[in-house]
Structure formats: structure tokens, C-alpha cells
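Structural data, given as C-alpha cells:
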């Protein structure tokens with residue numbers, strides 16, 4: 002008898018048709034996190050981690066895998082890399098590295114369009130994606146001249162699964178538009194992001 006009512010109730014209210022969670026919100030870097038980042042980017046640890054990721058990026062291009070693993074993303078209109086969360090990173094240093102990448106992209110003349118956080122439920126796991134989106138500065142085209150797109154639009158993501166960081170991904174997507182100059186080479190973008198800072 003109970004099962005009849007359960008069945009009827011389910012038909013009317015359909016509780017089983019639960020759609021996966023998807024939430025997106027904008028956020029800002031707190032003053033405390035920004036102050037912490039400002040100190041970290043001039044530290045020996047930051048210098049060591051930047052050098053390590055850059056070295057492993059070049060290793061990967063020659064077919065050598067080292068830790069932390071770096072993956073190369075390569076296509077005609079988009080180029081990038083991803084670095085996985087593993088030793089020697091911890092939660093704090095990985096988060097700082099993500100924010101430091103964003104800071105270095107801004108230093109190249111980019112403008113931050115957005116910074117958001119997306120929560121998704123996938124196969125009983127919660128995936129959280131924190132994402133910066135950068136574009137070249139708006140320019141008024143001069144007659145007869147093409148607009149600089151720098152290295153294209155740049156997306157920077159940090160992905161976590163069930164509160165554990167998974168990877169950081171940077172992707173530069175170029176414009177194929179006659180109004181724009183060709184994008185500068187991606188290798189040059191990598192050199193600029195990872196160049197050793199002497200201003201500390």
C-alpha cells in the first residue's frame with residue numbers, strides 16, 4: 002500500500018529528477034590575499050616554482066615528463082599549458098601561483114575582463130573552476146593600421162575537485178580578424194610570464 006502512494010507521489014512531484022548543481026559567481030581577490038601575494042611573488046619559493054614549471058614545460062615539449070607534470074595545449078587558434086597539482090605544491094602555493102600568473106598577464110598590458118568561480122556537480126563530485134579572463138586593451142584603430150591583439154585573449158583557470166586542487170590551465174586564443182595584426186608567438190608569451198624578476 003505504501004509503495005502505491007510513494008509511486009503516485011513520485012509521479013506527481015518527480016523528486017528523482019534532480020538536475021546537477023551549477024552555480025557561477027563573480028568574486029574579487031581580498032586585500033589580505035593581495036598583500037600575501039605581493040610578498041610571495043618576490044620570495045625564493047615563488048622564483049623556484051616559476052622556474053620549475055617553466056623547465057617542465059620545455060621538458061614536455063621534448064617528450065620528457067617531470068613533476069609537477071605540465072601538459073601542452075596546441076592548436077591553430079589556441080595555445081596553452083596546464084600544470085597539475087602535485088609535489089612540491091601545497092594548497093597555499095598552488096593558489097598563489099594561480100594569482101601570480103594573473104598578475105603577470107596584467108603586467109603585459111592586458112585588461113582583466115572577469116574573475117569568476119563556477120561550481121558544478123559531476124558524477125557525485127563537486128568541480129570548482131576559478132577563472133580569470135583577459136583581453137588586450139581597447140584601441141581606436143588608426144587609419145591604415147591594424148590593431149594589436151598582443152597574444153590573443155587569455156583565459157586562466159584553477160580547477161579543484163571536491164576541495165582538492167587539480168590543475169591550473171592557461172589558454173591564449175587568437176583573433177582571426179582582418180582588423181587585427183597577427184598574434185605574437187605563444188612562446189614569447191611563455192617567456193614573458195616566466196622571465197626571472199629582478200625587481201624584488
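Numbering (my numbering), first residue to last: 2 to 201. A virtual CB, placed ideally from N, CA and C, is assigned to each residue, including glycine.
Looking at residue i: is its Cβ nearer than 8 Å to the Cβ of residue j?
i: residue 157; j: residue 133; result: yes
i: residue 25; j: residue 125; result: no
i: residue 94; j: residue 51; result: no
i: residue 172; j: residue 79; result: yes
i: residue 83; j: residue 170; result: yes
i: residue 184; j: residue 152; result: yes
i: residue 150; j: residue 182; result: yes
i: residue 22; j: residue 131; result: no
Hey, quick one: how far does the beta strand (DSSP E) through residue i stretch, first residue to last?
i: residue 81; result: 79–85
i: residue 134; result: 126–136
i: residue 184; result: Taken as a continuous stretch (DSSP letters only), residue 184 belongs to no beta strand (DSSP E), as it is neither H nor E.
i: residue 26; result: 23–27
Could you give the first and the last residue of the continuous alpha helix (DSSP H) run that contains residue i?
i: residue 35; result: 32–41
i: residue 73; result: Premise fails: residue 73 lies in the beta strand (DSSP E), 71–75, not in any alpha helix (DSSP H).
i: residue 172; result: Where residue 172 is concerned, there is no enclosing alpha helix (DSSP H), although the beta strand (DSSP E) it sits in stretches over 165–174.
Could you check the C-alpha separation between residue i and residue j for me, to the nearest Å?
i: residue 136; j: residue 111; result: 6 Å
i: residue 104; j: residue 32; result: 14 Å
i: residue 192; j: residue 174; result: 17 Å
i: residue 38; j: residue 92; result: 14 Å
i: residue 17; j: residue 28; result: With a pLDDT of 47 at residue 17, under the threshold of 50, the predicted position of this residue should be treated as unreliable, though the coordinate-derived value follows. Looking at the two C-alpha atoms, the distance is approximately 33 Å.
i: residue 187; j: residue 58; result: 13 Å
i: residue 86; j: residue 62; result: 19 Å
i: residue 68; j: residue 141; result: 45 Å
i: residue 189; j: residue 167; result: 26 Å
i: residue 72; j: residue 123; result: 23 Å
i: residue 96; j: residue 75; result: 25 Å
According to DSSP, is residue i part of a helix, a strand, or is it coil?
i: residue 46; result: helix
i: residue 62; result: helix
i: residue 17; result: The pLDDT assigned to residue 17 is 47, lower than 50, so where the model puts this residue is not dependable; a value taken from the coordinates is nonetheless given after this. Here residue 17 sits in coil by DSSP.
i: residue 188; result: helix
i: residue 193; result: helix
i: residue 157; result: strand
i: residue 118; result: strand
Taking CB distances under 8 Å as the criterion, tell me whether residue i reaches chain B.
i: residue 125; result: The displayed structure is made up of one protein chain only, and chain B is not part of it.
Review point. So, do the segment 90–102 and the segment 36–43 have three or more beta carbon pairs nearer to each other than 8 Å?
Key: With the cut-off at 8 Å, the segment 90–102 and the segment 36–43 touch.
Check your understanding: How do the segment 141–152 and the segment 161–172 stand: do at least 3 beta-carbon pairs fall below 8 Å, yes or no?
Key -> A contact between stretches requires three or more CB pairs, one per stretch, nearer than 8 Å, and the segment 141–152 fails this requirement with the segment 161–172.
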